[in-house]
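Residue numbers (the working numbering), protein chains in the order written: chain A, 1 to 317; chain E, 1001 to 1578.
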């Protein structure tokens, strides 16, 4: 297992290097004038030139690339062009907010979807199975920003049961924060419930039909033990893999939902950085998202390896 | 007319003020115009009241107190038309204490000197103050300056500063702070004071007197250093350009910045040592919104108590909500359709006039703003200003005449790209303009761009730098915020070599008329100069200006005495829970 982890971490470093290089290329494709962005459209050109000189944007590209690589290690990306604050000061709270929403949504979705998926698999072709599959297909086909608007209007504006916006007042305790996050989290549940439930159902059906399950049943093992030790360990591997990938997306890809609920997470931060050509902020945020992706897939792979020794043997081979 | 009283008034004033009083007495300006102009010239409220009383106060306009719904305002609208700010009359003492939660647009950097967006204007105005601030009547009133007056020629203005004003750190506010702020503004070229004052313009011999020596006479100078010129907020002498409020909290105002998060919002707490006394509210919380629709949802869902700004499109529900108090402000906010007048397809003024003749101004105002605004006449003098000259004929839609103009000029088959920012109703306005133009044979293809890039790439590119904006697109639409006087529109957008002159307009007659306007102190002289400005611009048409539209703001009925300006500054010193 240690060898497996070391190998995966080494691969992650290479991936990170490629990611940083890609970010540098992308941010240098756009024509931009950071000095003008900072000083504004009406500032004298001399002021703009002075700012560009200070920022080092006139330096050779290789020097700038070297600085970006260094910043990955030191995590000092300088100041945001647009907001003139240290990038890390902007990134840290946005990351925290995204993490809260993602974790809350997963806590609501994953157990529910796995239980529903396994239940449907065990009662294949029953009414409950058909209901779960149909509901899953229908709900996962609704984009989260659409279900978000509907939930916001019905539950917050019309019924007043929850808050219409997701950001709790400063200093709120965890319970209050979760109350504010309920609607956007529910919007994510709507999308991901169906996806994860169907994945779990398919995996469970395969595991239930497998020879090792049949053998276990024939040996007379209790149903609960068969499900825990033989079915679940095999059935949930694709589900874990999918969840690992989706977590990365949830951190950065739910811009629509964050806008609807005025919840400035990483997605909105990246979106606004792109709009304003705020490259220090954009670079840092994209690299952070990349690291999150890598960490999540790494954790998912480790979980799978733990569940299935064959997986880690194949990976090390 | 009470002649005895009126004679006494006349004896007490200087020549500049006398001209204004005579203009009102002779009926050449309305009561509202008199009050607005009196505020600019620094006449006290009791004096203005005396003049109005002496003259009988019998014109048919409603009171300028801004307390009642007037003009076109619908039921539920608290205030106001005819002023550049929405104010509510004294509704009686509210419940002291509490917090008001305000929805506002995400601000740019909070640098008082270089800021360029309404979001930043609104926050800066909480902590920093102006020489002239917002009066109860929606016009300018004494702020950090208790009074001001010009010399006879209008090129030296003396501001008597308020005594006992302290910065938030406890140090004294003096004329040195005023002088340093003005010098920074001159250097940054971001406040519309270019050509009005030069570096070192403020004499600070007396720490409580700031004497402005202007580059040329200017009858509107106090308005240019008032809250309506947002960058002129007075900052400490030590506050260098580039310093931001969040990094270095400071100010003399009623509210002290307590916390700030660029992504989510900020909180201001009461300044117990404010010279104006204790504010009824304890704290003010701003929540930043990236999207207007979300902000409206926040309001209807009870997550915020007030909105700095909202639009008619999308905000209809609030206009008819009995629990929402709309503040509607007649303003000079407008859109300019600039047309390059030095080269290209619009160099011939007949083509520019032809395009302006295709505007269906009433339809635009009705469609885009539900009629909440004033029709424009392709010049920058808003019809509610005291020096607006109504004798200049209004340009009406006439497609036949437009075709004839193009035919006479030997021009046909004009095809141009109309460059626009993706901002508020501008894309819809562009569609209306293009549809109208097509009827006269002018084909306008619309190219839309984000506001982050539009200004630097289409409206006023930095290069070529001389003359400014010479790299602008052939035709486009740009937004202009409210200003108390048309100086900045004329000075920056229309004067030869102006820093925002994207139409590259140059007419010595216009330049002279503008200089004449700036140098005019009396109402008649200003009106005469405005007649020339209106006539020349309407004739030359370097810009199309279909309308001026009203600024919409508002708050929940749970609060009272909230005041706002048409450039997004919400004043909460008197606000309280109802």
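Backbone N, C-alpha and C define an ideal beta-carbon position, used for all residues, glycine too.
For chain A, find out if any of its Cβ atoms is closer than 8 Å to the Cβ of residue i; answer yes or no.
i: residue 1126(E); result: no
i: residue 1291(E); result: yes
i: residue 1413(E); result: no
i: residue 1297(E); result: yes
i: residue 1108(E); result: yes
i: residue 1294(E); result: yes
i: residue 1263(E); result: yes
i: residue 1473(E); result: no
i: residue 1026(E); result: no
i: residue 1105(E); result: no
i: residue 1300(E); result: yes
i: residue 1259(E); result: yes
i: residue 1064(E); result: Residue placement at residue 1064(E) cannot be trusted, given a pLDDT of 33 that sits under 50; what the coordinates show is reported in the next sentence. Not closer than 8 Å to any Cβ of chain A, the Cβ of residue 1064(E) fails to qualify, so no.
Excluding the 5 residues preceding and the 5 following residue i in the sequence, name in chain order all residues of the same chain whose CB lies nearer than 8 Å to its CB.
i: residue 1304(E); result: 1101, 1102, 1103, 1287, 1295, 1298
i: residue 1381(E); result: 1387, 1388, 1389, 1486, 1530, 1533, 1534
i: residue 269(A); result: 90, 91, 94, 281, 285
i: residue 1140(E); result: 1039, 1040, 1132, 1133, 1134, 1222, 1223, 1226, 1227, 1228, 1484
i: residue 289(A); result: 248, 251, 252, 266, 270
i: residue 1501(E); result: 1467, 1468, 1469, 1492, 1493, 1494, 1495
i: residue 1053(E); result: 1002, 1005
Per DSSP, residue i is paired with what?
i: residue 1445(E); result: 1417(E)
i: residue 1570(E); result: 1564(E)
i: residue 1265(E); result: 1261(E), 1287(E)
i: residue 1334(E); result: 1480(E), 1548(E)
i: residue 1160(E); result: 1147(E), 1209(E)
i: residue 1555(E); result: 1306(E), 1325(E)
i: residue 1203(E); result: 1211(E)
i: residue 1129(E); result: 1234(E)
i: residue 1105(E); result: 1289(E)
i: residue 1028(E); result: In DSSP, residue 1028(E) forms no bridge with anything.
Skipping 5 residues on each side, what residues in its chain have a beta carbon closer than 7 Å to that of residue i?
i: residue 217(A); result: 226
i: residue 1551(E); result: 1309, 1329, 1331, 1333, 1482, 1566
i: residue 1430(E); result: 1418, 1420, 1446, 1477
i: residue 1110(E); result: 1120, 1123, 1124, 1244, 1245, 1246
i: residue 193(A); result: 109, 112, 113, 136, 139
i: residue 178(A); result: 104
i: residue 102(A); result: 247, 250, 251
i: residue 1055(E); result: 1001, 1006, 1024, 1025
i: residue 257(A); result: 144, 145, 148, 184, 187
i: residue 1423(E); result: 1451, 1479
Report yes or no: is there a C-beta of chain E within less than 8 Å of the C-beta of residue i?
i: residue 318(A); result: The structure shown does not extend to residue 318(A), since chain A is modelled only from 1 through 317, so no value can be given for it.
i: residue 165(A); result: yes
i: residue 170(A); result: yes
i: residue 157(A); result: yes
i: residue 269(A); result: yes
i: residue 264(A); result: yes
i: residue 259(A); result: yes
i: residue 275(A); result: yes
i: residue 179(A); result: no
i: residue 36(A); result: yes
i: residue 246(A); result: no
i: residue 237(A); result: no
Is the closest heavy atom of the ligand FMN to the C-beta of residue i under 7 Å?
i: residue 1546(E); result: Although the ligand FMN was asked about, the structure shown includes no ligands whatsoever.
Tell me which same chain residues have a C-beta within less than 6 Å of the C-beta of residue i, skipping the five on either side of it?
i: residue 1339(E); result: 1346, 1352, 1475, 1503
i: residue 87(A); result: 77, 80, 280, 281, 284
i: residue 1016(E); result: 1150, 1521
i: residue 1181(E); result: 1234, 1235
i: residue 233(A); result: 307
Within 7 Å of chain A by C-beta, residues of the region 1441-1469 of chain E in sequence order: 1450, 1452, 1455, 1456, 1460, 1462, 1465
Interfacial residues, the region 83-98 of chain A to chain E, with Cβ spacing under 7 Å: 83, 84, 85, 90, 93, 94
Completely contained alpha helix (DSSP H) runs for the region 1165-1190 of chain E, where each covers 4 or more residues: 1175-1188
The region 1232-1253 of chain E: positions lying closer than 7 Å to chain A by Cβ: 1244
Start-end ranges of the alpha helix (DSSP H) lying completely within the region 1351-1410 of chain E, minimum 4 residues: 1361-1369, 1399-1408
In chain order, each alpha helix (DSSP H) run of at least 4 residues that lies wholly inside the region 81-149 of chain A: 87-122, 127-140
Near-chain E residues of the region 51-82 of chain A - C-beta to any C-beta below 9 Å: 80, 82
Minimum length 4: unbroken alpha helix (DSSP H) runs contained in the region 1494-1553 of chain E: 1508-1519, 1523-1540
Length-filtered (4 minimum) alpha helix (DSSP H) runs lying within the region 223-301 of chain A: 237-252, 255-260, 266-275
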